[in-house]
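These protein sequence lines map, in sequence, to chains A and B. Basically this note's numbering = 1-based index in the first sequence + 147. Basically this note's numbering = 1-based index in the second sequence + 1. C-beta atoms are modelled at their ideal positions from N, C-alpha and C, and glycine is treated no differently. To keep things clear, I will list the structure first and then write my remarks on it.
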Amino acid sequence: GAVVSQHPSWVICKSGTSVKIECRSLDFQATTMFWYRQFPKQSLMLMATSNEGSKATYEQGVEKDKFLINHASLTLSTLTVTSAHPEDSSFYICSATQGGTEAFFGQGTRLTVV
Amino acid sequence: AQTVTQSQPEMSVQEAETVTLSCTYDTSESNYYLFWYKQPPSRQMILVIRQEAYKQQNATENRFSVNFQKAAKSFSLKISDSQLGDTAMYFCAFMYYNAGNMLTFGGGTRLMVKP
Numbered sequence: 148g149a150v151v152s153q154h155p156s157w158v159i160c161k162s163g164t165s166v167k168i169e170c171r172s173l174d175f176q177a178t179t180m181f182w183y184r185q186f187p188k189q190s191l192m193l194m195a196t197s198n199e200g201s202k203a204t205y206e207q208g209v210e211k212d213k214f215l216i217n218h219a220s221l222t223l224s225t226l227t228v229t230s231a232h233p234e235d236s237s238f239y240i241c242s243a244t245q246g247g248t249e250a251f252f253g254q255g256t257r258l259t260v261v
Numbered sequence: 002a003q004t005v006t007q008s009q010p011e012m013s014v015q016e017a018e019t020v021t022l023s024c025t026y027d028t029s030e031s032n033y034y035l036f037w038y039k040q041p042p043s044r045q046m047i048l049v050i051r052q053e054a055y056k057q058q059n060a061t062e063n064r065f066s067v068n069f070q071k072a073a074k075s076f077s078l079k080i081s082d083s084q085l086g087d088t089a090m091y092f093c094a095f096m097y098y099n100a101g102n103m104l105t106f107g108g109g110t111r112l113m114v115k116p
């Protein structure tokens with residue numbers, strides 16, 4: 148199957164700093180990428196949908212200025228957590244699709260804000 | 002908006018036995034897809050099985066099969082001959098047809114396979 152690489156796998160940052168998470172489709176062009184947040188022992192919560200070259204569509208309740216999403220190419224989307232605080236600590240997962248029904252997931256990024 | 006409900010937060014099964022995970026959903030649409038995803042301790046999401054709503058035949062993938070009841074809006078996953086490697090979180094997910102591949106996930110069922 149298609150491969151989606153997410154980097155970094157884990158990151159620790161200080162409160163008030165910004166962190167960038169990358170999501171790359173390695174062997175296909177991703178028309179759409181999705182960003183999810185997953186709290187411990189809970190399900191995946193969709194944060195936003197991004198299409199290459201256009202602004203991301205954020206789900207209700209997700210702060211656009213806090214979670215900046217850029218989808219500059221058909222193989223790369225980035226999520227930047229700006230001015231991170233401890234409550235932003237979570238597991239972030241991206242997925243990518245190439246137009247079919249299957250979504251391919253990255254391995255996730257564990258963010259810890261101290 | 003559609004909702005997906007998994008009523009079993011946790012389940013356990015003995016190795017080599019069969020277990021069924023439940024999932025119900027709510028939608029007014031007739032064209033959609035349903036999925037079961039597995040999330041092992043590594044937290045990598047893995048597609049287990051997919052069902053198109055327009056197909057009456059239940060999907061099967063080796064030891065995994067579904068019981069799709071469209072009228073009842075039910076989509077259960079049966080795991081036969083359970084293996085230790087099946088220990089994971091299992092998520093039921095819904096996708097509208099032609100809706101940009103956006104998935105709505107259920108709350109998940111934690112499955113423990115015991116030796």
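Contact list for the region 173 to 202 of chain A against chain B, Cβ threshold 9 Å: Hits within the stretch, in order: Thr178, Thr179, Phe181, Tyr183, Gln185, Lys188, Gln189, Ser190, Leu191, Met192, Leu193, Thr196 and Asn198.
Residue closest to His232(A), alpha-carbon to alpha-carbon, out of Asn198(A), Ser152(A), Leu258(A) and Val209(A): Out of Asn198(A), Ser152(A), Leu258(A) and Val209(A), Leu258(A) has the C-alpha closest to the C-alpha of His232(A).
Reduced DSSP category for Glu234(A) - H, G, I as helix; E, B as strand; rest coil: Residue state, collapsed to three classes: helix.
Reference Arg111(B), options Glu30(B), Thr61(B), Thr4(B) and Thr21(B), closest by Cα: Closest option to Arg111(B), Cα to Cα, is Thr21(B).
Per-residue burial, Asn63(B) [other beta carbons within 10 Å of its own, 16 or more giving buried]: With fewer than 16 other Cβ atoms within 10 Å, it is exposed.
Three CB pairs or more closer than 8 Å across the region 92 to 108 of chain B and the region 2 to 20 of chain B: Short answer: they touch.
Short Cβ contact (8 Å threshold) for Ile216(A) with Leu223(A): No.
7 Å Cβ cut-off: residues of chain B touching Ala250(A): Those are Asn102 and Leu104, listed as they occur along chain B.
Secondary structure of Asp174(A), DSSP reduced to three states: Coil.
Candidates Ser220(A), Val260(A), Asp235(A) and Gly200(A): closest to Tyr183(A) by CA position: Ranking the options by Cα distance to Tyr183(A), first place goes to Asp235(A).
Assumed close pair Phe181(A), Thr196(A) - CB separation to whole angstroms, cut-off 8 Å: That belief holds up - the Cβ atoms of Phe181(A) and Thr196(A) are roughly 5 Å apart, short of 8 Å.
Where the beta strand (DSSP E) containing Asn217(A) begins and where it ends: Note, Asn217(A): beta strand (DSSP E), Phe214 to Ser220.
Cutoff 8 Å: Met143(B) Cβ touching any chain A Cβ: With chain B represented from 2 up to 116, any question about residue 143(B) goes unanswered, as that position is not in the structure.
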